[in-house]
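Colleague: Chains as they are written, first to last, in my numbering: chain X, 70 to 327; chain G, 94 to 375. The C-beta atom is built at its ideal place from N, Cα and C for all residues, glycine as well. Keep in mind the model is a prediction, meaning the values are calculated, not measured. Let me give you the structure first, and then I'll get to my questions.
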């Protein structure tokens, strides 16, 4: 299996890059060869403290986990969170920035994020297949030629609300998270393109496709690696209202057996 | 009525486009009477100070991120009684409108209170910041307070013409002593940003044990002229705020106004919650 990965990301308009709270993995684009590939995106909740850190931990945990399902991945990430949190608190002490009274409740509550993990597999028997596991409104789209052939877990731009399900860092909520995970699978043909997108750009993608447009071609207008070009691309759509102002993350994966 | 413009009360609230809340707090003599509800006797002045201080604390916490408290809101607290003016204590004294990050950074006092925690009757101390203290002395110059709010908000709107409309919450236990407050309240509602009219909400505090009336649409069931006057002074709740309130299991009908009469402690808390729900719309 050969895959070509490109990524596009931006913080919400008005926020600096270090306040971007989505996450994606792998970070490095380019060609990958092999029988299996995992990719993931996550969207940290803006109302929680340290959401970006949690989103990062979730996507990396999925991609490193090789054969584990999302239920085990979340459990592992929840344990790893304790150490990540300690590291954050240590860094605050080292920077002489003690935790303030207004941060304590947020730190107690923990972080929250959506997560979408995708695995691509190739075998002689089954061919090119994908499986996806999700909690929340980060989406996977499968495009073949000029047709959207699959959308998961949301299929309609109207389905995006402002209260998606979120993965918490609190381990005692693990059972509830596992019960809410959604799962899907599909087959790929040579040349299919998979998109993973967080909610604002996912909603734009679905609305554009539903109106007869070709969002995959619009994204193709942006040269991979051209951050300024992508910023302009997003700003035009934010101004017109087609793209809600929020962090934007898109992973594009073109797959083939060759 | 044909309206091809965007929906009002839909502006994004952000650091680049903040909005403001102004609380007008009756500090007249009668505010030292006890209020209904609660698990211990409290004066109306203390109940209001507690509720508004708690709201400022919750707003600070809600907007806190790793890089600091996000200035989605600026806040003003105006007292009216023996005098009319801002009532922040401590470092913020004398300031009309303060960005939330400064509110969070400079409470006047930090109390520690015990709260129940988890199961097994455990208790823990939590920090309870306060920004102003209860006062109950003097008359009820409500018109002067409303005029002060108009001045502050007019200046704000000049700098933030596209903001989500500012919200004014007037908390009182009695009738105005400096004239008919309906006109200045309507003048305040007449101020606009590009996103709609300034919202004026009125919260009247209980002097007796009669049932609170919360968010009524019509003034017809109200007990007296005073209640009806405050009702007339109150803006209709925008749909989005009604929806946010519905998520808290509060039934608020179409045309409901941001008004509560004979509020006890829990009605105060509920009222302030709904009136400042705008963050839930993000």
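Compile a chain-ordered list of the residues in the segment 165–183 of chain X whose CB is closer than 8 Å to at least one CB of chain G.
Modeller: The segment 165–183 of chain X vs chain G, Cβ under 8 Å: 169, 170, 171, 172, 173, 174, 175.
Colleague: What's the call for residue 105 of chain G, buried or exposed, on a 16-neighbour Cβ count within 10 Å?
Modeller: On the second chain, residue 105 of chain G is found 12 positions in, with the first residue counted as 1. Buried, because 16 or more other Cβ atoms sit within 10 Å of the Cβ of residue 105 of chain G.
Colleague: If you measure beta-carbon to beta-carbon, which residues of the segment 185–215 of chain G are closer than 9 Å to chain B?
Modeller: Of the protein chains in the structure, X and G, none is chain B.
Colleague: Measuring alpha carbon to alpha carbon, tell me which of G:166, G:129, G:160 ends up nearest residue 169 of chain X.
Modeller: In the first chain, residue 169 of chain X corresponds to position 100, counting from 1. Nearest C-alpha to residue 169 of chain X: G:160.
Colleague: Would residue 153 of chain G count as contacting chain X if we go by Cβ distances under 9 Å?
Modeller: In the second chain, counting from the first residue as 1, residue 153 of chain G sits at position 60. Output row for residue 153 of chain G: interface = yes.
Colleague: Assuming residue 306 of chain G contacts residue 354 of chain G (C-beta within less than 8 Å), just tell me the rounded distance between them.
Modeller: Your numbering for residue 306 of chain G matches position 213 in the second chain. Your numbering for residue 354 of chain G matches position 261 in the second chain. Their Cβ separation, rounded to whole angstroms, is 4 Å, which keeps residue 306 of chain G and residue 354 of chain G in contact under 8 Å.
Colleague: Is it buried or exposed for residue 158 of chain X, if we count other Cβ within 10 angstroms and need 16 for buried?
Modeller: As a first step, residue 158 of chain X must be located in the first chain, where it is residue number 89. Under this definition residue 158 of chain X is an exposed residue.
Colleague: Distance, Cα to Cα, residue 271 of chain G vs residue 237 of chain G?
Modeller: Position 178 of the second chain holds residue 271 of chain G. Position 144 of the second chain holds residue 237 of chain G. Distance between the alpha carbons of residue 271 of chain G and residue 237 of chain G: 7 Å.
Colleague: Report the CB separation of residue 319 of chain X from residue 189 of chain X in whole angstroms; it is logged as a contact under 8 Å.
Modeller: Here residue 319 of chain X is taken as the residue at index 250 of the first chain, counted from 1. Here residue 189 of chain X is taken as the residue at index 120 of the first chain, counted from 1. Actually they are not in contact, since the Cβ atoms of residue 319 of chain X and residue 189 of chain X sit about 17 Å apart, beyond 8 Å.
Colleague: Which whole-angstrom value is the C-beta distance of residue 268 of chain G and residue 319 of chain G, which I expect to be below 8 Å?
Modeller: As a first step, residue 268 of chain G is located in the second chain; it is residue number 175 there, counting from the start. As a first step, residue 319 of chain G is located in the second chain; it is residue number 226 there, counting from the start. At roughly 5 Å, the Cβ-Cβ gap stays under 8 Å, so residue 268 of chain G and residue 319 of chain G are in contact.
Colleague: For residue 375 of chain G, count the other beta carbons within 10 Å of its own beta carbon; 16 or more makes it buried, fewer makes it exposed. Which is it?
Modeller: If you number the second chain from 1, residue 375 of chain G lands on position 282. Here residue 375 of chain G scores only 46 on pLDDT, less than 50, and its place in the model should not be relied on; the value that follows carries that caveat. Under this definition residue 375 of chain G is an exposed residue.
Colleague: In the DSSP assignment, find the beta strand (DSSP E) that holds residue 207 of chain G and state where it starts and stops.
Modeller: Here residue 207 of chain G corresponds to residue number 114 of the second chain, with the count starting at 1. Segment 202–209, the beta strand (DSSP E) holding residue 207 of chain G.
Colleague: Below 9 Å on C-beta distance, what does residue 125 of chain X contact in chain G?
Modeller: Your numbering for residue 125 of chain X matches position 56 in the first chain. Residues of chain G passing the Cβ test: none, with the nearest at roughly 13 Å.
Colleague: For residue 375 of chain G, which of helix, strand or coil comes out of DSSP?
Modeller: Along the second chain, read from residue 1 onward, the residue named residue 375 of chain G stands at position 282. Confidence in residue 375 of chain G is poor, its pLDDT being 46 and thus under 50, which makes the residue's placement too unreliable to answer from.
Colleague: If you reduce the DSSP assignment to three classes, tell me which class residue 188 of chain G lands in.
Modeller: What you label residue 188 of chain G is simply residue 95 of the second chain in a count that begins at 1. Coil, per DSSP.
Colleague: By the three-class DSSP mapping on this structure, what secondary structure does residue 215 of chain G have?
Modeller: As a position in the second chain, residue 215 of chain G is number 122, starting the count at 1. Correct three-state label for residue 215 of chain G: coil.
Colleague: Among X:326, X:307, X:292, which residue has its Cα nearest to the Cα of residue 76 of chain X?
Modeller: Walking along the first chain from the start, residue 76 of chain X turns up at place 7. For residue 76 of chain X, the nearest C-alpha among the options comes from X:292.
Colleague: Just to confirm before moving on: does the CB-CB distance between residue 233 of chain G and residue 174 of chain G stay below 9 Å?
Modeller: For the purposes of this step, residue 233 of chain G is taken as residue 140 along the second chain, with counting starting at 1. For the purposes of this step, residue 174 of chain G is taken as residue 81 along the second chain, with counting starting at 1. Yes, they are a contact pair.
Colleague: DSSP three-state label for residue 136 of chain X, please.
Modeller: The residue labelled residue 136 of chain X in the question sits at position 67 within the first chain. Reduced to three states, the DSSP call for residue 136 of chain X is coil.
Colleague: Apart from the five residues just before and just after residue 356 of chain G, which ones in its own chain have a Cβ nearer than 8 Å to its Cβ?
Modeller: For this step, residue 356 of chain G is matched to residue 263 along the second chain. Hits under 8 Å: 296, 297, 298, 299, 305, 307, 364.
Colleague: Determine which residues of the segment 147–167 of chain X have a Cβ less than 7 Å from any Cβ of chain G, and write them out in chain order.
Modeller: Under the 7 Å Cβ criterion, the segment 147–167 of chain X contributes no residue.
Colleague: Just verifying my parser: in three-state terms, what is the DSSP assignment at residue 120 of chain X?
Modeller: Residue 120 of chain X sits at position 51 when you count from the first residue of the first chain. If DSSP states are grouped into helix, strand and coil, residue 120 of chain X belongs with the helices.
Colleague: Tell me which same chain residues have a C-beta within less than 7 Å of the C-beta of residue 126 of chain X, skipping the five on either side of it?
Modeller: Here residue 126 of chain X is taken as the residue at index 57 of the first chain, counted from 1. Hits under 7 Å: 146, 149, 150, 153.
Colleague: For residue 94 of chain G, which residues of its own chain have a beta-carbon under 7 Å away from its beta-carbon, when the five flanking residues on both sides are left out?
Modeller: Translated into positions along the second chain, residue 94 of chain G becomes position 1. Caution applies to residue 94 of chain G, whose pLDDT of 45 falls short of 50 and renders its modelled position unreliable; the model cannot decide the point.
Colleague: By DSSP's criteria, residue 199 of chain X is part of a beta bridge. Which residues make up the other side?
Modeller: Locating residue 199 of chain X in the first chain gives position 130, counting from the first residue. BP columns for residue 199 of chain X point to X:189, X:255.
Colleague: Could you give the first and the last residue of the continuous beta strand (DSSP E) run that contains residue 179 of chain G?
Modeller: Translated into positions along the second chain, residue 179 of chain G becomes position 86. From DSSP, the beta strand (DSSP E) with residue 179 of chain G extends over 177–179.
Colleague: Would a check of beta-carbon distances place residue 107 of chain G closer than 9 Å to chain X?
Modeller: One-based indexing of the second chain puts residue 107 of chain G at position 14. So, interface residue.
Colleague: Closer than 9 Å by beta-carbon distance: list the chain G residues that pair up with residue 88 of chain X, in chain order.
Modeller: Reading the first chain from its first residue, position 19 is the one you call residue 88 of chain X. Result: 158, 159, 160.
Colleague: So what does DSSP say about residue 101 of chain G, is it helix, strand or coil?
Modeller: The count along the second chain starts at 1 and reaches residue 101 of chain G at position 8. Looking at residue 101 of chain G - three-state DSSP - the assignment turns out to be coil, as it is neither helix nor strand.
Colleague: Counting Cβ pairs closer than 8 Å, one from the segment 177–196 of chain X and one from the segment 99–110 of chain X, do we hit at least three?
Modeller: The segment 177–196 of chain X, when compared against the segment 99–110 of chain X, does touch it at the 8 Å Cβ threshold.
Colleague: Tell me which same chain residues have a C-beta within less than 6 Å of the C-beta of residue 327 of chain X, skipping the five on either side of it?
Modeller: Along the first chain, one-based indexing puts residue 327 of chain X at 258. Cβ within range, chain order: 71.
Colleague: Does residue 174 of chain X come out as helix, strand or coil in the three-state DSSP assignment?
Modeller: The count along the first chain starts at 1 and reaches residue 174 of chain X at position 105. Here residue 174 of chain X sits in helix by DSSP.
Colleague: Would you check if the segment 190–201 of chain G and the segment 214–224 of chain G touch, i.e. whether three or more CB-CB distances between them fall below 8 Å?
Modeller: Yes, since at least three Cβ pairs between the segment 214–224 of chain G and the segment 190–201 of chain G fall closer than 8 Å, the two stretches touch.
Colleague: Taking residue 83 of chain X as the query, report the chain G residues whose CB atoms sit under 7 Å from its CB, ordered along the chain.
Modeller: Within the first chain, the letter at position 14 stands for residue 83 of chain X. Those within 7 Å of residue 83 of chain X in chain G are 107, 108, 109.
Colleague: For residue 255 of chain G, is the classification buried or exposed, using 16 other Cβ atoms within 10 angstroms of its Cβ as the cut-off for buried?
Modeller: Looking up residue 255 of chain G in the second chain gives position 162. Under this definition residue 255 of chain G is an exposed residue.
Colleague: What does DSSP give as the partner residues of residue 181 of chain X in its beta bridges?
Modeller: On the first chain, residue 181 of chain X is found 112 positions in, with the first residue counted as 1. Beta-bridge pairing links residue 181 of chain X to X:237.
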